[in-house]
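Numbering (the working numbering), first residue to last: 39 to 516. Glycine included, each C-beta is placed from N, C-alpha and C at the ideal position.
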RNA sequence: CCGGGUGUAGCGCAGUUGGUAGCGCGCUUGCUUUGGGAGCAAGAUGCCGGGAGUUCGAGUCUCCCCACUCGGACCA
């Protein structure tokens with residue numbers, strides 16, 4: 039079906055994807071700029087999306103035995119410096135507190151860019167015996183990183199996230215935790231956010247400062263660029279040694295515990311926008327949409343229409359649907375365009391003609407398809423349609439991912455693919471840093487991950503031609 | 001951090017060789033409308049991004065900041 043463009047204010051994504059993205063963030067009232075670069079205001083509609091993401095993840099964390107905690111936002115410089123790789127990774131983007139009131143502080147405090155060091159300091163105090171393990175903590179908070187360039191949701195100086203930090207008696211247990219959390223992220227993104235992911239392991243170059251291994255879920259945006267959706271790290275016992283965290287084992291000997299951390303941020307919202315949005319604006323996955331169904335009375339001045347619409351609204355709410363009604367005096371066309379721009383999954387219309395026939399009209403945001411539903415089947419049909427919208431969105435995103443992932447044997451092939459089409463280049467890699475750097479230098483791509491589901495797609499490294507046994511994805515990342 | 005572009009009403013913009021600020025949309029009120037961004041009428045809204053300078057006089061010229069935006073570098 040040929041879709042007419044109804045929203046003049048939003049730039050077409052084919053014309054200028056970056057501008058389209060910014061337009062959607064602002065016009066859908068997700069975000070506003072503040073007076074400080076890189077610090078954004080989450081408006082009610084944008085924050086509500088985050089609240090629904092939080093709710094869904096928090097449930098999953100708790101089901102798997104994690105507990106929420108809250109640690110301070112300031113880190114003394116001496117504490118941050120306890121682990122060498124870690125401080126090297128983060129120091130360049132730290133913001134510092136140097137005054138308390140009018141007094142200069144003895145030691146400056148970093149505003150947390152991540153909280154590994156604080157958790158370690160605390161864990162050293164509360165872990166003594168094997169009976170104290172595992173410790174499965176999670177924190178919802180904001181962190182601060184002094185980024186040079188910023189974009190709504192994708193790169194903030196201050197952003198909201200969750201950071202899980204866990205300690206385990208054995209490396210095997212910690213690795214299992216790392217994998218479990220990666221799977222929770224992947225499951226959440228696919229089944230709630232309708233975003234297909236590639237699960238994989240980061241190369242040494244791309245892994246977290248101080249980690250032994252970093253796992254990631256990579257997504258493909260509409261412009262075929264990659265977005266890292268979430269990461270899960272295995273630390274070994276490196277931090278535990280640096281922070282002197284020890285416990286007495288069943289063997290009555292001292293051991294260092296093994297650590298993990300894992301996080302996702304409000305960046306996921308940027309991912310949702312760029313995965314599902316279209317030229318009419320936002321398209322929200324039904325399971326996190328703040329409003330799942332908007333009820334619109336048509337010709338509401340006519341007798342009985344408003345009552346009929348209110349009845350629909352109340353029935354939907356009673357059925358557990360996040361529903362709202364717009365009975366403002368805006369025109370029908372205005373309302374239709376407005377809720378399309380805001381990405382509301384279903385629009386439920388009822389007017390005099392529908393009332394005569396005992397039906398209402400439901401329009402899907404993802405496909406624009408309209409169906410007439412007998413009023414007696416309202417709850418049942420809305421539930422079905424919400425699932426159908428989710429499935430439709432997932433299928434479209436999956437198609438985008440699969441159609442733009444290409445197996446390449448040579449660097450020229452990758453170069454041609456990236457220039458003409460763009461997406462993920464799937465190749466073999468020898469594992470050498472030099473080859474990774476060369477790909478960046480000559481093709482402009484970075485390694486996204488080595489997928490957990492490895493396939494042998496060739497014999498030799500895409501870059502140096504030596505024998506290679508790792509399959510890896512390359513792409514341009516946000 | 002480096003390069004290009006842009007900051008004038010809520011939003012989008014115009015503003016001439018320097019002479020004291022305008023248009024469209026939106027907003028408010030009233031009436032008429034209402035099945036895909038309605039019509040008429042009457043209103044309200046400006047530290048011209050900030051600071052310094054040149055000038056009798058600066059939205060306009062000069063310098064310095066700040067922010068946005070597009071590239072690049074950087075970026076668990």
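DSSP three-state assignment for residue i, whether helix, strand or coil
i	result
residue 41	Confidence at residue 41 is low in this model, with a pLDDT of 28, below 50, so the placement of that residue should be treated as unreliable; the coordinate-derived value is given next. Coil, per DSSP.
residue 373	helix
residue 190	coil
residue 317	coil
residue 343	helix
residue 58	helix
residue 506	coil
residue 69	strand
residue 153	coil
residue 412	strand
residue 88	helix
residue 354	helix
residue 428	helix
residue 549	In the structure as shown, the chain begins at 39 and stops at 516. Residue 549 is therefore absent and cannot be evaluated.
residue 120	coil
residue 160	helix
residue 384	strand
residue 272	strand
residue 394	helix
residue 349	helix
Nonlocal neighbours in the same chain, by C-beta distance under 6 angstroms from residue i, ignoring five residues either side
i	result
residue 42	For residue 42, the predicted model reports a pLDDT of 31, less than 50, meaning its position is unreliable and no value from the coordinates is stated.
residue 488	238, 239, 508, 510
residue 415	none
residue 99	176
Exposed unless 16 or more other CB atoms sit within 10 angstroms - verdict on residue i
i	result
residue 108	exposed
residue 406	exposed
residue 40	For residue 40, the predicted model reports a pLDDT of 24, less than 50, meaning its position is unreliable; a value from the coordinates is still stated below. The residue is exposed, with fewer than 16 neighbouring Cβ atoms inside 10 Å.
residue 402	buried
residue 181	buried
residue 57	exposed
residue 134	exposed
residue 128	buried
residue 410	exposed
Check whether residue i and residue j have beta carbons under 8 angstroms apart
i	j	result
residue 311	residue 514	no
residue 319	residue 380	yes
residue 359	residue 390	no
residue 285	residue 166	yes
residue 506	residue 483	no
residue 111	residue 150	yes
residue 275	residue 296	yes
residue 400	residue 413	no
Residue of the options minimising C-alpha distance to residue i
i	options	result
residue 262	337, 103, 458, 474	458
residue 119	192, 444, 248, 396	248
residue 365	384, 337, 430, 353	337
residue 404	388, 414, 426, 386	426
residue 67	59, 74, 198	59
residue 50	436, 316, 401, 280	316
residue 323	432, 461, 115	432
residue 192	399, 473, 304, 208	304
residue 84	71, 95, 75	71
residue 172	298, 126, 127	298
residue 491	253, 94, 282	253
residue 217	283, 301, 190, 408	301
residue 291	444, 168, 245	168
residue 250	281, 209, 219, 224	209
residue 497	512, 460, 446, 473	446
residue 75	189, 81, 114, 139	189
residue 87	69, 221, 469	69
Neighbourhood of residue i by C-beta, 7 angstroms cutoff - its chain only, sequence neighbours within 5 removed
i	result
residue 475	none
residue 45	Only weak support exists for where residue 45 lies, its pLDDT of 42 falling under 50; the value from the coordinates is given anyway. Result list for residue 45: 318, 319, 375, 379, in chain order.
residue 213	272
residue 439	234, 258
residue 436	234
residue 373	334, 364
Own chain partners of residue i with C-beta closer than 8 angstroms, once the 5 adjacent residues on each side are dropped
i	result
residue 259	265, 309, 312, 313, 516
residue 117	155, 156, 159
residue 94	226, 230, 325, 326
residue 444	455, 459, 461, 462, 463, 464
residue 170	164, 285
Any non-hydrogen atom of the ligand COA within 7 angstroms of residue i CB
i	result
residue 195	Among the components modelled here there is no ligand, and therefore nothing to report on the ligand COA.
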